[in-house]
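Per our numbering, residue 1320 is the first one in the sequence shown, and the count goes up by one each step.
A short worksheet on the structure shown next.
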Amino acid sequence: MTTAVLGGGISGLSAGYYLLRRFGKPATIYEASPRVGGWIRTECHKNKGFLFEGGPRTIRPHGLAGANTLQLVEELKLSIKPISRSHVAARNRMLYAKGKVCLLPNSALGMIGTIEPFTKPLYRALLNDLATKVTVAKDGDESIYSFAERRFGKEIADYAISPMICGICAGDAHEISVRFLMDSLFEKEQKYGGVLKGLFYSRFQDKDEKNSIGIFAQKQPSLYTQACREKWAMYGLEGGLEQLPRALRKYLAKNNINVHLNSRCQNVSFNNDGAYLTMRHAELPVEHVISSLPAYQLALIVKAQHPSLAAKLLDIPYVDVVVINLQYNNDKMLQYSGFGLLVPPVEKLPVLGIIFDSCCFDMSGSTVLTVMMGGRWFSKWFSNQPSQNELREMAQRYVAKILNINEEPKFSRVHTLPKCIPQYTVGHKRRVENIRKYISNYKLPLSICGAAFDGVGINDVILSARRQIDLLPVR
Ligand SMILES: Cc1cc2nc3c(=O)[nH]c(=O)nc-3n(C[C@H](O)[C@H](O)[C@H](O)COP(=O)(O)OP(=O)(O)OC[C@H]3O[C@@H](n4cnc5c(N)ncnc54)[C@H](O)[C@@H]3O)c2cc1C
Ligand SMILES: C=CC1=C(C)c2cc3[nH]c(cc4nc(cc5[nH]c(cc1n2)c(C)c5CCC(=O)O)C(CCC(=O)O)=C4C)c(C)c3C=C
């Protein structure tokens, strides 16, 4: 009997990779769709010199999780396209607020003056933090909006934190847990009575960067050393991010880890010896199941035997995002340079943000933009199920309004990504603990990784796969 990995997105493929590295035994990955990669999807227009990313486009090189991904990228011999900290795409972060494109400050000097859309200098937010007493959070959690508003004031919560949440999980900061993005700042505030105070008192205790060496035996991955030396802010891959799942699949196939495509798991039932997977045409006995599925998909397949585990999994909500890629045959269309812009939810627009792909990476004379819409507000704007053409027209209308680009794009692509990103709402940490407790109490031969549980970024899901494999007992 073998180990089965469910899902051939980046976390399932990574689980296969770490299984191979740790045990060297064959295993099988079952993927429901006809391709690997999950939400990582690149459409390459090689002859025209540009590409469209339908999901993620960049990865951060920082910390333990960043170093871990770089180690994988290095082992797969992929070509990196770094964006250094001094690159405009790393320096210039923009908002569309109050009818204008606003450039956010990127140095301490920018804290002194009043910068639109803010009505007060940003240093006042820091004074607010110093002057405000700590409120002990109920059940050790609160929304990131409430935390930011408490510590730094409403403007920071509306125009800095809320758009940032849109740019990471397309979610509403009023609902997302402070622990999703600011776990350590929140802990510091609760311990030392303020964010700045916490940062000051704990400045010699932050071991994250040092710990990043921990899991790499003696030697850090050399790409990580290079990323630190060359001050990368983020990176993409030559040929687009889909090269990562593709290369992983090839590597796994060469090493007896097979990926079965078009193989949806319909049910899983556990017994004393392992588990049975129900596939369309077969019942497969397996020793252990590693699930990298979205929580609601795992819920579907465990529901018959473990309805209360299914209910816990269904408590992790997801949102839908519309992604529209636009390409223009002229690289001088944009008046602004930067990674892109985010639209704060207080603006009440269907657009979450626009990414300036051709500012991040060379697109051989094209301007390439990606408009993202919907997210937590998807049903508010798109309950009438607009057609692809209507979505494209809507995106173009906002590109005209916000960026003053009125030309028709030469190429475009519209994708609606249903339930593509989990929402770590207040209490998420406890929910995940309870899910893992259930699995452990019932001694289920099941490990869970993927975006639903331990972080939504590519780095997080790869590291989550590695950690789950590291926890497996040697038989
Ligand atoms: C629009 C967007 C932009 C993003 N931008 C970034 C970014 O810039 N940087 C970054 O780091 N991250 C980004 N992310 C997040 C990142 O892309 C995802 O979190 C990550 O790809 C999730 O990988 P996964 O393997 O956990 O899940 P998925 O990609 O969802 O993979 C799960 C797989 O399981 C399969 N499956 C489902 N049900 C079954 C079943 N019953 N049996 C078998 N297989 C099944 C699915 O077909 C899928 O292939 C972005 C995400 C989105 C949606
Ligand atoms: C500037 C515009 C951006 C839009 C619009 C946007 C949309 C968007 N992003 C995600 C998910 C993730 N994005 C991540 C990183 C990331 N996103 C942006 C900007 C926009 N995102 C930037 C500049 C970055 C790089 C990180 C940084 O330096 O701040 C990540 C990874 C986060 C991590 O911890 O590594 C995710 C996940 C979605 C779902 C989305 C849809 C609206």
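Cβ atoms here follow ideal geometry from the backbone N, Cα and C, with glycine treated the same way.
With respect to serine 1496, lysine 1507 sits apart: the two C-beta atoms are not nearer than 7 Å. Distance from the C-beta of isoleucine 1620 to the nearest heavy atom of ligand 2 is not below 6 Å. Under the three-state reduction of DSSP, lysine 1439 is assigned to coil, being neither helix nor strand. With respect to the C-alpha of glutamate 1461, the residue from Leu1446, Phe1471, Ser1426 and Asp1502 having the closest C-alpha is Asp1502.
Fewer than three Cβ pairs drawn from the region 1580-1594 and the region 1378-1395 lie within less than 8 Å of each other, which leaves the two stretches out of contact. By the CB criterion at 7 Å, glycine 1672 and glycine 1486 fall inside the cutoff. The C-beta distance from alanine 1444 to phenylalanine 1471 rounds to 4 Å, short enough to meet the 8 Å contact threshold. In this structure, the alpha-carbon of isoleucine 1767 lies about 34 Å from that of tyrosine 1511. A distance criterion of 6 Å places the beta-carbon of valine 1392 beyond contact range of ligand 2, judged by its closest non-hydrogen atom. Remark: C-beta atoms of leucine 1791 and asparagine 1574 do not approach each other more closely than 7 Å. A distance below 7 Å separates the beta carbons of glutamate 1606 and threonine 1322.
Under the 10 Å beta carbon count, glutamate 1712 is surrounded by fewer than 16 other beta carbons and is classified as exposed. The three-state reading of DSSP puts alanine 1323 in strand, counting E and B together. Taking 7 Å as the cut-off, the Cβ atoms of aspartate 1592 and leucine 1515 do not count as close. Inclusion of alanine 1351 in the 6 Å shell around ligand 1 follows from its C-beta lying nearer than that to a non-hydrogen atom of the ligand. About 55 Å separates the CB atoms of tyrosine 1478 and proline 1604; that is not less than 8 Å, and the two are not in contact. In the DSSP annotation of this structure, histidine 1747 is not part of any beta strand (DSSP E); the continuous alpha helix (DSSP H) holding it starts and ends at 1747-1760.
Taking 7 Å as the cut-off, the Cβ atoms of glycine 1693 and aspartate 1639 count as close. If you look at tyrosine 1464, you'll find it in the alpha helix (DSSP H) that goes 1463-1471. At a threshold of 6 Å, arginine 1379 counts as near ligand 2, since its beta carbon sits closer than that to one of the ligand's heavy atoms. At least 7 Å separates the beta-carbon of threonine 1388 from that of glutamate 1372.
If you look at glycine 1382, you'll find it in the alpha helix (DSSP H) that goes 1382-1394.
Judged by pairs of C-beta atoms under 8 Å, the region 1641-1658 does not touch the region 1612-1622, as fewer than three such pairs exist. Residues Arg1412 of the same chain have their beta carbon placed closer than 6 Å to that of leucine 1423, with the five preceding and five following residues left out of the count.
Between ligand 1 and cysteine 1584, a heavy atom-to-CB distance of less than 6 Å is present.
Per the coordinates, the alpha-carbon of lysine 1667 lies some 10 Å from the alpha-carbon of lysine 1699.
Between the region 1780-1791 and the region 1323-1337 there are three or more C-beta pairs closer than 8 Å, enough to call the two in contact. When the Cα atoms are used, proline 1728 and glycine 1769 turn out to be separated by approximately 35 Å. When Cβ pairs closer than 8 Å are counted between the two stretches, the region 1718-1728 is seen not to touch the region 1625-1642, the count staying below three. Tyrosine 1464 and threonine 1744 have their alpha carbons spaced roughly 11 Å apart. Collapsing the DSSP output to three states places proline 1401 in a strand. For the 7 Å CB-CB criterion, asparagine 1425 and arginine 1410 form a contact. Within the region 1345-1378, complete alpha helix (DSSP H) segments of at least 4 residues are not found at all. Burial is judged here by how many other beta carbons sit within 10 angstroms of a residue's own beta carbon; asparagine 1760 has fewer than 16 and is exposed.
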